[in-house]
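Peer 1: Structure in structure tokens, see below.
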Amino acid sequence: MWQCDLWINLRGLLLFVFAVLLLVYLLKARDPPHFPPGPPPVPVLGNIFSIESKQPHIYLTKLAEVYGNVFCIRLGRHKTVFVSGWRMVKEALVTKADSFVDRPYSPMVTRIYSGNSAGLFFSNGMVWRRQRRFAMATLRAFGLAKSSMERTICEESRHLQEAMEQEEGRPSDPVPLLNNAVSNIICQIVFGKRFEYNDHSFQEMLKNLTDMAYLEGSIWALLYDAFPVLMKHLPGPHTGIFSSSKSLETSIRREIARHKLDLDPSNPRDYIDKFLVEARHNRNTDTGFDEENLVLCCLDLFLAGSETTSKTLQWGLIYLIKNPHIQDEVQAEIDRVIGQTRQPSMADRPNMPYTDAVIHEVQRMGNVVPLNGLRMAAKDTALGGYIIPKGTAVMPNLTSVLFDKNEWETPGTFNPEHFLDSDGKFVRREAFLPFSAGKRACLGEGLARMELFLLFVGLFQKFHFSTLAGVDLSTEGIIGATRTPHPFKILAKTR
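Quick note: the sequence shown uses the working numbering, first residue 7, plus one each step.
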């Protein structure tokens, strides 16, 4: 009998504890006054399993049609406010940039960075300001401000074309070659050298980069940030994020060690050299100039500088294969302005408005970064008629800007006319935000634009691209941190 009473009492106690915990959760989950609306969450889990895992950017864009351009999604117990549409995203990222410049805490990022909240993209405050300023100055010194960078890109373009020629018009996967070429350009800025395309360590680095870029933007990353205590002990694809990052860090450390052996402070050769020299002069650890942070900064530069440009070129091949009349017009303009033998230069771009418009439309439709990096409200901030409380995570939806029906005449169609006026001259569009905007905009935008123009023009100057007969290339994309084309084959016929 006493055992039965004990069980009844224990069951009652458990029910009481559960009721108290549920009440505490519901009280915490209550929204403050004037908070953005959103779909009803499931207790504890939130809305995380409602999000379409294959095309989350489309799902979130459609939610804006129901709840407005400022709405809230719960990921576990955390609230994230999504901002949609050109005008509202502009208000958040540009008009109220100071209110939404910091990054929120992320368990996944903290584990990748071994608890060090530094690097280029996930740091805040003084570390972020100093590191961003330093990186931009270094990119100018070893990239944009030197005509040598244009020559470097053209030289890499030549290597890319030679590798494509070796396929002799056979069906081939263009992705490895594009990854090789684009990554080699950032390698020359960061490491001061390029790699042969068959270099084993180089290929290992590229594989780890691709894996990280996919997994960091997958549903597994959302689950890890929503339930870190649980996910840390569970097997699954999310574990690949951490193994890939560690492998990349090991490769970067080898390069740093090589640089330290023959460092000449009076003649820095690349980003690593300049960082090491700066670290000798700057002993203030609050600015992030230490060797551990150098590893993380290099990791960030590779992720941002390799994945996005390569993916854009992949989408460029797909859209021009699917639209052969546009490919013909691009090649006619190339032949008219440059010819088929001289290498292109950035001085050619103003004379090639149609090609420039096509590249911009590839970036818009390719939508390589469909969302954006998370931001955090630095203070209680009014946005779209709502109040975003201090500390709330905020996510700008770049897809909703690039496909905004109020800004683009035919948002769902590949149409270079979006960037041309009635006289055929190139027109800049405010709602063109593939590089984001405001204080956290892509710091390598200038370099990426140079790479895209020179590599794109070089490819279509040299080759006519098609695919296998009867094959319809998909434009749906695979979503991670970047939007990747489904695997495809090309036929590259020398012109």
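The C-beta atom is built at its ideal place from N, Cα and C for all residues, glycine as well.
This structure is a prediction, so every number in the text was calculated from the model and none was measured.
Quick check: the Cα distance between F197 and M237, rounded to an integer number of angstroms?
Peer 2: Distance between the alpha carbons of F197 and M237 is about 35 angstroms.
Peer 1: Return the chain-ordered list of same chain residues with a C-beta closer than 8 angstroms to the C-beta of T67, the five sequence neighbours on each side being excluded.
Peer 2: S90, N403, T405, S406, F409
Peer 1: Would the segment 101-117 count as touching the segment 421-441 if we require 3 or more Cβ pairs under 8 angstroms?
Peer 2: no
Peer 1: Return the CA-CA distance between L33 and I365, expressed in angstroms with no decimal places.
Peer 2: Note that L33 has pLDDT 49, beneath the 50 cutoff, so the model's placement of it is unreliable and the number below is only indicative. Answer to the nearest angstrom: the Cα atoms are 50 angstroms apart.
Peer 1: Let me know the alpha helix (DSSP H) ranges lying completely inside the segment 406-468, each 4 residues or longer, listed in chain order.
Peer 2: Counting only runs of 4 or more, we get 451-468.
Peer 1: Check whether the segment 36-56 touches the segment 201-218, counting contact only when three or more Cβ pairs, one atom from each stretch, lie closer than 8 angstroms.
Peer 2: no
Peer 1: For E222 and T318, what's the separation of their Cα atoms in angstroms?
Peer 2: 19 angstroms
Peer 1: CB-CB under 7 angstroms to K385, same chain, minus the five flanking residues each way: which ones, in chain order?
Peer 2: S105, K396.
Peer 1: Buried or exposed: E97, going by 16 or more other Cβ atoms within 10 Å of its Cβ?
Peer 2: buried
Peer 1: What separation, rounded to the nearest whole angstrom, lies between the Cα atoms of G483 and P274?
Peer 2: Near 41 angstroms, if we compare the C-alpha coordinates of P274 and G483.
Peer 1: Measure the CB-CB distance between P440 and Q369 and report whether it falls below 8 angstroms.
Peer 2: Pairing P440 with Q369 gives a Cβ-Cβ distance under 8 angstroms.
Peer 1: According to DSSP, is G52 helix, strand or coil?
Peer 2: strand
Peer 1: CA-CA distance, S253 and Q194?
Peer 2: Computed Cα separation, rounded: 20 angstroms.
Peer 1: Smallest Cα separation from H63: which of S472, S224, S257?
Peer 2: S224
Peer 1: Between which two residues does the alpha helix (DSSP H) harbouring M114 extend?
Peer 2: 113-118
Peer 1: Identify whether S480 lies in helix, strand or coil by the three-state DSSP scheme.
Peer 2: coil
Peer 1: Relative to the C-alpha of T416, which candidate in Y65, G430, E367 has its C-alpha closest?
Peer 2: Considering only alpha carbons, the answer is E367.
Peer 1: Which class does A103 belong to by DSSP, given the choice of helix, strand or coil?
Peer 2: Note: A103 maps to helix in three-state DSSP.
Peer 1: Here's the rule I'm using: 16 or more other beta-carbon atoms within 10 Å means buried, otherwise exposed. How should V72 be labelled?
Peer 2: exposed
Peer 1: Does the count of Cβ pairs from the segment 387-394 and the segment 342-349 closer than 8 angstroms reach three?
Peer 2: no
Peer 1: Taking C303 as the reference, which of Q137, A447, M401, L282 has the closest Cα?
Peer 2: Q137
Peer 1: Checking 8 angstroms against the spacing of the C-beta atoms, do V181 and E255 come in under that value?
Peer 2: no
Peer 1: Note down the Cα distance separating F281 from A143, rounded to an integer number of angstroms.
Peer 2: It is roughly 11 angstroms from the alpha-carbon of F281 to the alpha-carbon of A143.
Peer 1: Can you give the Cα-Cα distance for P243 and A310, rounded to whole angstroms?
Peer 2: 22 angstroms
Peer 1: With DSSP run on the structure shown, which of helix, strand or coil describes V188?
Peer 2: DSSP places V188 in helix when its eight states are reduced to three.
Peer 1: Where does A498 land, buried or exposed, given buried means 16+ other C-beta within 10 angstroms?
Peer 2: buried
Peer 1: Under the rule that 16 or more other beta-carbon atoms within 10 Å means buried, what is A475, buried or exposed?
Peer 2: exposed
Peer 1: From F466 to E162, what distance separates their C-alpha atoms?
Peer 2: 15 angstroms
Peer 1: Taking only three categories from DSSP, how would you classify M358?
Peer 2: coil
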